[in-house]
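Numbering (this note's numbering), first residue to last: 2 to 300.
Note that the Cβ used here is the ideal one computed from N, Cα and C, for glycine as well.
These figures come from a predicted structure and were not determined experimentally.
Right, one structure below, let's go through it.
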Amino acid sequence: MNTDPLLPGPSEPITRITPAGPVPRTGLGLMLRLELSESLRSRWFHFYSVVVVGLMLLLITTGISESRVLGFTGLSRLLVTYIQIAMAVLPLFIIVTTARSMVGDREAGNLEYMLAFPVSLATWYWGRFLARLVLVLAPVAVALGVAAAYGAAMNHPVPWWHFGLYSGLVAALAACFLGIGFLISSLSRSTEVALGLSLLVWLALVALLDLLLLSVLIQQRVVPDVVIGIALANPLQAFRTASMILFDPQLILLGPSSYVILDHFGVTGYVVWAMAYPAALGAVLAGVGYWRFSRSDLV
Numbered sequence: 002m003n004t005d006p007l008l009p010g011p012s013e014p015i016t017r018i019t020p021a022g023p024v025p026r027t028g029l030g031l032m033l034r035l036e037l038s039e040s041l042r043s044r045w046f047h048f049y050s051v052v053v054v055g056l057m058l059l060l061i062t063t064g065i066s067e068s069r070v071l072g073f074t075g076l077s078r079l080l081v082t083y084i085q086i087a088m089a090v091l092p093l094f095i096i097v098t099t100a101r102s103m104v105g106d107r108e109a110g111n112l113e114y115m116l117a118f119p120v121s122l123a124t125w126y127w128g129r130f131l132a133r134l135v136l137v138l139a140p141v142a143v144a145l146g147v148a149a150a151y152g153a154a155m156n157h158p159v160p161w162w163h164f165g166l167y168s169g170l171v172a173a174l175a176a177c178f179l180g181i182g183f184l185i186s187s188l189s190r191s192t193e194v195a196l197g198l199s200l201l202v203w204l205a206l207v208a209l210l211d212l213l214l215l216s217v218l219i220q221q222r223v224v225p226d227v228v229i230g231i232a233l234a235n236p237l238q239a240f241r242t243a244s245m246i247l248f249d250p251q252l253i254l255l256g257p258s259s260y261v262i263l264d265h266f267g268v269t270g271y272v273v274w275a276m277a278y279p280a281a282l283g284a285v286l287a288g289v290g291y292w293r294f295s296r297s298d299l300v
């Protein structure tokens with residue numbers, strides 16, 4: 002009879018110790034939730050939300066929806082003005098805050114801490130990308146919702162179709178500049194370099210490409226199709242033109258260049274291209290950033 006208290010008795014089952022299975026890896030959803038919770042506590046998101054929603058409230062209080070310019074009035078006039086202002090503010094916030102994100106984590110030691118957990122580099126990288134996209138679009142959705150509620154309260158016709166198209170254009174533009182920001186952050190070795198590069202890229206897209214380069218091309222009498230093609234390769238210019246074409250299908254404000262755009266794309270084709278091109282460009286640049294980031298010294 003067994004008298005050893007450490008051995009199982011005759012009626013006790015013998016349990017077999019099996020090797021532990023693989024450690025479960027953190028999924029994309031959990032990484033997305035973690036990034037969202039961290040970003041919601043950051044100052045840049047609060048300031049960005051106040052600016053984006055505050056712009057809409059400012060335009061509403063100024064009574065811009067009651068004015069009429071080139072036939073635009075009501076919510077149409079309000080949306081045109083808001084989108085044109087947001088086109089300059091939105092990319093700057095996105096590219097500056099995003100370009101400093103990963104390189105800032107590397108300098109602070111947070112990147113080494115996060116990668117010590119059972120999470121793949123791809124999951125961490127793309128989880129941050131999707132979380133930033135959600136955070137950037139959420140205040141814009143709130144601002145557009147405020148505009149729709151204001152229009153319904155003032156008995157203005159609510160152009161729901163235009164609301165949907167504008168939301169798609171803003172999402173494509175945000176994805177584009179997120180991709181640029183992630184690429185800059187993966188290439189930079191310090192936050193100062195990342196900040197300088199982000200401002201340089203933003204200034205080039207806002208001013209240099211449209212004003213300086215195109216003026217030189219026109220002076221050299223380059224074929225108009227080439228000049229307009231270079232202009233539309235700028236995602237900001239593609240966004241600006243698409244936002245105009247929704248309420249001005251003939252693109253009267255663009256003058257003779259409208260013939261080239263409408264002959265090659267048409268109204269529907271150009272709106273689709275203005276959404277697909279910036280989104281695809283942002284995805285490609287973010288992919289290049291991940292390739293560069295995964296082959297660099299992470300810590």
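Would you call the CB atoms of residue i and residue j closer than 8 Å?
i      : j      : result
Ile246 : Ile181 : no
Ser50  : Met103 : no
Leu198 : Ser191 : no
Gly169 : Leu76  : no
Gly283 : Leu179 : yes
Leu116 : Leu122 : yes
Leu58  : Tyr83  : no
Ala87  : Leu56  : yes
Val135 : Leu37  : yes
Phe294 : Tyr126 : yes
Leu112 : Trp203 : no
Going by C-alpha distance, which of the options is nearest residue i?
i      : options                           : result
His163 : Gly197, Val285, Ser244 and Val289 : Ser244
Val120 : Ala139, Gly55, Ser191 and Leu29   : Leu29
Met260 : Gly290, Ala100, Ile229 and Tyr278 : Residue identity check: residue 260 is Tyr in the sequence provided, not Met. Selected option, being the one with the closest Cα: Ile229.
Leu174 : Ala239, Ile86 and Glu193          : Ala239
Pro158 : Ser38, Leu79, Ser297 and Ala117   : Leu79
Leu263 : Met155, Leu233, Val285 and Glu39  : Leu233
Leu138 : Ala287, Val194 and Leu91          : Leu91
Ala89  : Gly270, Phe248, Pro236 and Ala287 : Pro236
Met276 : Arg241, Leu286 and Phe248         : Arg241
Trp274 : Leu166, Ser297 and Val207         : Leu166
Ala148 : Arg107, Thr62, Val207 and Ile231  : Thr62
Asp226 : Gln85, Met155 and His265          : His265
Just confirm the distance between the C-beta atoms of residue i and residue j, as a whole number of angstroms; I'd bet it's less than 8 Å.
i      : j      : result
Gly290 : Phe183 : 4 Å
Val81  : Ala144 : Not a contact, Cβ separation roughly 14 Å.
Gly317 : Met32  : Nothing can be reported for residue 317: it is not among the residues displayed for the chain, which extend from 2 to 300.
Cys177 : Ala280 : 7 Å
Trp161 : Thr98  : With a Cβ gap of about 31 Å, Trp161 and Thr98 do not count as contacting.
Is the closest heavy atom of the ligand MN to the C-beta of residue i under 7 Å?
i      : result
Gly110 : Inclusion of the ligand MN in the displayed structure is not the case, the ligand content being empty and no account of it being possible.
Exercise for review: Would you mind listing the alpha helix (DSSP H) stretches within the segment 42 to 102 that are 4+ residues and don't spill past its ends, in chain order?
Suggested key: 44 to 62 and 75 to 100
Review point. Which runs of the alpha helix (DSSP H) spanning at least 4 residues fall entirely within the segment 94 to 162, listed in chain order?
Key: 102 to 109, 111 to 116 and 122 to 154
Exercise for review: Please specify which runs of the alpha helix (DSSP H), each continuous and at least 4 residues long, are wholly inside the segment 254 to 283, giving them in chain order.
Suggested key: Listed in chain order, they are 258 to 265.
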